[in-house]
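Trainee: What follows is a structure written as structure tokens; I'll ask about it next.
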Amino acid sequence: MEETRYVRRYSDGDRINHWLLVILFFCTALSGLSMFHPSLFFLSVLFGGGPWTRILHPFIGVLVFLSFAGMYLRLARDNAWSPEDRAWLAGIGALLAGRKHEPLPAGRFNAGQKILFWWMAITLAVLLVTGLVFWRPYFAGYFPIGLVRLATLLHSFTAIGLILGIIGHIYAAIWVKGTTRAMTRGLVSESWAKHHHPGWVARMTQDKR
Amino acid sequence: MSSLQTLDIAARSATTFPSPSVRREPHVAKLIDVTSCIGCKACQVACMQWNDLRDRVGDNDGTYDNPRDLTPASWTVMRFSEVEVETGRLEWLIRKDGCMHCEDPGCLKACPAPGAIVKYANGIVDFISENCIGCGSCVTGCPFDVPRISKKDSKAYKCSLCADRVTVGLEPACVKACPTGAIRFGTKDDMKEFAAERIVDLKERGYQNAGLYDPPGVGGTHVMYVLQHADKPHLYHGLPADPKISPMVSLWKSVLKPLSLLAMIGAVGGAFFHYMKVGPDESGVDK
Chain A
1 MEETRYVRRY SDGDRINHWL LVILFFCTAL SGLSMFHPSL FFLSVLFGGG
51 PWTRILHPFI GVLVFLSFAG MYLRLARDNA WSPEDRAWLA GIGALLAGRK
101 HEPLPAGRFN AGQKILFWWM AITLAVLLVT GLVFWRPYFA GYFPIGLVRL
151 ATLLHSFTAI GLILGIIGHI YAAIWVKGTT RAMTRGLVSE SWAKHHHPGW
201 VARMTQDKR
Chain B
1001 MSSLQTLDIA ARSATTFPSP SVRREPHVAK LIDVTSCIGC KACQVACMQW
1051 NDLRDRVGDN DGTYDNPRDL TPASWTVMRF SEVEVETGRL EWLIRKDGCM
1101 HCEDPGCLKA CPAPGAIVKY ANGIVDFISE NCIGCGSCVT GCPFDVPRIS
1151 KKDSKAYKCS LCADRVTVGL EPACVKACPT GAIRFGTKDD MKEFAAERIV
1201 DLKERGYQNA GLYDPPGVGG THVMYVLQHA DKPHLYHGLP ADPKISPMVS
1251 LWKSVLKPLS LLAMIGAVGG AFFHYMKVGP DESGVDK
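Quick mapping for you: the protein sequence lines, in order, are chains A and B. Our numbering applies: residue 1 is where the first sequence begins, and numbers increase by one. Our numbering applies: residue 1001 is where the second sequence begins, and numbers increase by one.
This is the structure:
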């Protein structure tokens, strides 16, 4: 058997930034959910009880935003929308249904990854702004009550949208075999890269020449 | 305040199962007859004394309102409004402001902390401070702008309708102190009956629009006002004409909250069964 050849997909910095974001995201999501639905209030014990959950949530939330800003600077360029992404979207249904296994066109990131990236950028910006409006005791007092109510509603709605996006992201990592190594060791096998990100491999070989 | 009446809780914040509610009690109400209030503030003093609260000495803002606003340590404040309902005829309207004890409390609906806000079977809405997490959602939910968050401990405070006194058969402290009988306390039915008589009186004296303030938008309140101008409640320091829990709060708590939980369970469950049915995408993986 031939030895597997690997290509570098993420630098050490990319991966550290990503996992920092993961940890911080889980902390904000779980603390936020504990204050969102009574059946999830038990999650507040993870943060030292109700008052500590309320105190910590917004601070960790700001760190999530900053951490994503790091990812943004690293990955935004490769997440720019390109014409081939339409073809990926058209083909992903059949792939999900298990009917087809031919490679779909994708650069370093496929259309699904790009959608999640921009979805995160938008929702995190909305969460930051709306969260500030009802952050007690520091900022809520400066805003009229109507705005506080609207911000609270939007914050919850957006957060759920983001959480659903992340559930999709995590499942994609479980579903697509050979992808998790990219985020743990930074490497993917060459054949995997050719199959899932043909545009990216083509660009890299071109750059080498 | 703390819960002394553990068997007669009609509703509890952030709780999805029934509360201990085996004991039945008649609904109570405090009736504030604005037309016979002389603005002496004995009710404010009685409130401070019974609840053992001493607010900071504030400053004068050119009105008789003292303190200027409700605070974590001032659960009731007399609001003085100088209005000309008819031109050339000045009226001094004095309203004792504080928690209205809504039958459908917006604070309780908005609160995320289990048991931090309770509504007793008799209708009194009370904050259970040891369960309060200090998030301020009660402020967001309240249609009357009543709860105040303490800067000292980040807990929310408001009038408890002297739940501790009512439990042992006493009237609230403000009722006991009122020298003109402008504040009364009893069953809600009795208070409505008394108010009706008073309104007939007022109409005979020329206040054609006299009436009872018991806003149906919040299911009625357990603090009611007799107003000489019931058609214009906003004259009384902006008392809302038709208070309701904001649709944004209802959308948040009655629609988004349950649907979101379903959506998240659906997403995780859907992913799980997709994996079971279709299996992983192993394409491109070196065998």
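For every residue, glycine included, the Cβ atom is placed at its ideal position computed from N, Cα and C.
#1: Between Leu187/A and the rest of its own chain, which residues show a CB-CB distance below 8 angstroms, the 5 nearest in sequence each way excluded?
#2: What did DSSP end up calling Leu1031/B once you bin it into helix, strand or coil?
#3: Please identify the residue among Ala172/A, Trp200/A, Leu162/A whose C-alpha is closest to the C-alpha of Phe26/A.
#4: Can you name the residues that DSSP bridges to Ser39/A?
#5: Identify whether Tyr138/A lies in helix, strand or coil by the three-state DSSP scheme.
#6: Does DSSP classify Phe26/A as helix, strand or coil?
#7: Could you tell me if Asn1060/B is buried or exposed, where buried requires 16 or more neighbouring beta carbons within 10 angstroms of its beta carbon?
#8: Listing by chain order, which chain B residues have their CB less than 9 angstroms from the CB of Ser189/A?
#9: Applying a beta-carbon distance threshold of less than 8 angstroms, which residues of chain B neighbour Ala87/A?
#10: Could you name the residues of chain B that His195/A contacts, counting a contact when the two beta carbons are closer than 7 angstroms?
#11: Quick one: does Lys100/A have its CB under 7 angstroms from some CB of chain B?
#12: Hey, Ala1195/B and Val1226/B: beta-carbon distance below 7 angstroms or not?
#13: Using a Cβ-Cβ distance cut-off of 7 angstroms, determine whether Met1100/B contacts chain A.
#14: For chain A, find out if any of its Cβ atoms is closer than 7 angstroms to the Cβ of Ile1032/B; answer yes or no.
#15: Hey, out of Cys1178/B, Trp1252/B, Gly1266/B, Pro1216/B, whose CA is closest to Cys1043/B's CA?
#16: For Ser1074/B, which residues does DSSP report across the bridge?
#17: Just confirm the distance between the C-beta atoms of Gly1098/B and Thr1063/B, as a whole number of angstroms; I'd bet it's less than 8 angstroms.
#18: Ends of the beta strand (DSSP E) at Leu1227/B?
#19: Between Lys1109/B and chain A, is the shortest Cβ-Cβ distance under 7 angstroms, so that the two count as touching?
#20: Buried or exposed, going by whether 16 or more other CB atoms sit within 10 Å of the CB of Ser1254/B?
#21: Against chain A, with Cβ distances strictly below 7 angstroms, would Val1278/B count as a contact?
#22: Cα separation between Asp1164/B and Asp1189/B?
#23: Enumerate, from N- to C-terminal direction, the unbroken alpha helix (DSSP H) stretches of 4 or more residues contained entirely within the segment 1113-1147 of chain B.
#24: Examine chain A for any beta-carbon lying closer than 7 angstroms to the beta-carbon of Ile1128/B, and answer yes or no.
#25: Determine the extent of the alpha helix (DSSP H) in which Tyr1275/B is found, giving its start and end residues.
#26: With Glu1025/B as the anchor, note down where its beta strand (DSSP E) starts and where it stops.
#27: Taking the CB atoms as reference points, tell me whether Ile1078/B and Gly1039/B lie closer together than 7 angstroms.
#28: Rounded to the nearest angstrom, what separates Met204/A and Lys100/A at their Cα positions?
#29: Under 7 angstroms, Cβ to Cβ, is there at least one residue of chain A near Lys1176/B?
#30: Answer yes or no: do Lys1109/B and Gly1141/B have a C-beta to C-beta separation smaller than 7 angstroms?
#31: CB Ala125/A to CB Phe134/A, shorter than 7 angstroms?
#32: Taking 7 angstroms as the cut-off, decide whether the C-beta atoms of Ala1241/B and Gly1211/B are in contact.
#33: Report all residues from its chain with a CB closer than 7 angstroms to the CB of Thr1071/B; omit the five preceding and five following residues, and keep chain order.
#34: Could you work out which residues of chain A lie near Lys1151/B, taking near to mean beta carbons separated by less than 8 angstroms?
#35: Using a C-beta to C-beta distance shorter than 8 angstroms, which residues of chain B count as neighbours of Leu75/A?
#36: Is Phe109/A helix, strand or coil when you go by DSSP?
Mentor: Concretely, from the data shown:
#1: Tyr6, Val7, Arg8, Arg9, Arg181
#2: Per DSSP, reduced to three states, the secondary structure at Leu1031/B is strand.
#3: Leu162/A
#4: Its beta-bridge partners do not exist; DSSP assigns none.
#5: coil
#6: helix
#7: exposed
#8: The answer, in chain order, is Gly1284, Val1285, Asp1286.
#9: Ordered by position in chain B, no residue passes the 8 angstroms Cβ test against Ala87/A, which lies about 17 angstroms from the chain.
#10: Ser1283, Gly1284
#11: no
#12: Yes, these two residues count as a Cβ contact at 7 angstroms.
#13: no
#14: Not closer than 7 angstroms to any Cβ of chain A, the Cβ of Ile1032/B fails to qualify, so no.
#15: Closest in alpha carbon position to Cys1043/B, among Cys1178/B, Trp1252/B, Gly1266/B, Pro1216/B, is Cys1178/B.
#16: DSSP output for Ser1074/B lists Thr1071/B as bridge partner(s).
#17: Actually they are not in contact, since the Cβ atoms of Gly1098/B and Thr1063/B sit about 17 angstroms apart, beyond 8 angstroms.
#18: 1223-1227
#19: Not flagged as an interface residue toward chain A: Lys1109/B, since no C-beta distance is shorter than 7 angstroms.
#20: It counts as exposed.
#21: Answer yes: the Cβ-Cβ gap between Val1278/B and chain A drops below 7 angstroms somewhere.
#22: 22 angstroms
#23: List check, alpha helix (DSSP H) in window: 1137-1141.
#24: Not closer than 7 angstroms to any Cβ of chain A, the Cβ of Ile1128/B fails to qualify, so no.
#25: 1257-1278
#26: Where Glu1025/B is concerned, there is no enclosing beta strand (DSSP E), given that its DSSP letter is neither H nor E.
#27: Sequence inspection shows Met at residue 1078/B; the Ile mentioned does not correspond to that position. Yes, the pair counts as a contact, with Cβ atoms nearer than the cut-off.
#28: 27 angstroms
#29: no
#30: yes
#31: no
#32: Taking 7 angstroms as the Cβ cut-off, Ala1241/B and Gly1211/B do not qualify as a contacting pair.
#33: The residues are Asp1055, Arg1148.
#34: Neighbourhood of Lys1151/B in chain A, by CB distance below 8 angstroms: Pro137, in chain order.
#35: In chain order: nothing, as chain B lies at least about 22 angstroms away.
#36: In the displayed model, Phe109/A falls within coil according to three-state DSSP, outside both helix and strand.
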